[in-house]
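Written below as structure tokens is the structure these notes are about.
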Amino acid sequence: MTYLDRMRLYDKTLGRDHKCHYCKRLLLSYKADMSLEDMALCATKDHIIPKALGGTNADDNYVVACAACNRLKAHIPYNVFKVFADMVLIPFPDLPLHILRNSLNLYIMHLLERSCTNTKIMRTACTATLLRVKEGIDEYEGNKVKADRKRKRA
Ligand SMILES: [Zn+2]
Numbered sequence: 043m044t045y046l047d048r049m050r051l052y053d054k055t056l057g058r059d060h061k062c063h064y065c066k067r068l069l070l071s072y073k074a075d076m077s078l079e080d081m082a083l084c085a086t087k088d089h090i091i092p093k094a095l096g097g098t099n100a101d102d103n104y105v106v107a108c109a110a111c112n113r114l115k116a117h118i119p120y121n122v123f124k125v126f127a128d129m130v131l132i133p134f135p136d137l138p139l140h141i142l143r144n145s146l147n148l149y150i151m152h153l154l155e156r157s158c159t160n161t162k163i164m165r166t167a168c169t170a171t172l173l174r175v176k177e178g179i180d181e182y183e184g185n186k187v188k189a190d191r192k193r194k195r196a
């Protein structure tokens, strides 16, 4: 399902005056001819525990968020992003995307600096991450081997 399909789908499930869970801006109904700016305010489903980390599609595992917030949040954990939303997105709803991204990155860096100085914890987290993306790594390695073979034959 594409991003656009998802917006159309969740749009149908919404009532009027529905607001984004994070920025509290009013969500818009999807229309084929709407501007990109308006499209950013279409409804999407945002998983609280990401599916990549074992989250399900159950009703209690998602919130309805605008497309802009959903994209900005990406893989950031719910509780980490919610604080950012409460303190930045709600009081400053019109900040340009590059400023939002910069401040979000800085916020994450601050968090990492303060709590993640334990190399052992970092290594454990990294191993867990590698296991999760193993398929992608295998595919990448496989393609690299194929490319190397081709180069040697040439
Ligand atoms: Zn939003």
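Residue 43 is where the sequence shown starts when you use this note's numbering, and the numbers rise one by one after that.
A virtual CB, placed ideally from N, CA and C, is assigned to each residue, including glycine.
Model, not experiment: these values are computed from the prediction.
Among the options, the one whose alpha carbon lies nearest that of residue i
{"i": "L95", "options": "C108, V106 and R174", "result": "R174"}
{"i": "S71", "options": "K93, P92 and D47", "result": "D47"}
{"i": "H152", "options": "F126, K192 and K93", "result": "F126"}
{"i": "L154", "options": "K192, V122 and K194", "result": "V122"}
Contact set for residue i: own chain, Cβ-Cβ below 7 Å, skip 5 residues either direction
{"i": "N112", "result": "T86 and D88"}
{"i": "I132", "result": "C65 and K66"}
{"i": "G97", "result": "H89, I90, I91 and N103"}
Sequence-distant residues of the same chain with beta carbon closer than 6 Å to residue i, five excluded per side
{"i": "A110", "result": "A82"}
{"i": "S157", "result": "none"}
{"i": "K73", "result": "none"}
8 Å CB neighbourhood of residue i in its chain, flanking five on each side removed
{"i": "C108", "result": "C62, Y64, C65, R67, L69, A82, L83, C84, A85 and T86"}
{"i": "L142", "result": "L114, V130 and L131"}
Supposed close pair residue i, residue j - CB separation, criterion 8 Å
{"i": "V105", "j": "H60", "result": "Wrong, their Cβ atoms sit about 11 Å apart, outside the cutoff."}
{"i": "L172", "j": "I179", "result": "7 Å"}
{"i": "I150", "j": "Y120", "result": "Wrong, their Cβ atoms sit about 14 Å apart, outside the cutoff."}
Shell residues, 6 Å Cβ cut-off relative to heavy atoms of ligand 1: C62, Y64, C65, R67, A107, C108, A110 and C111
Three CB pairs or more closer than 8 Å across the region 139-152 and the region 107-124: yes
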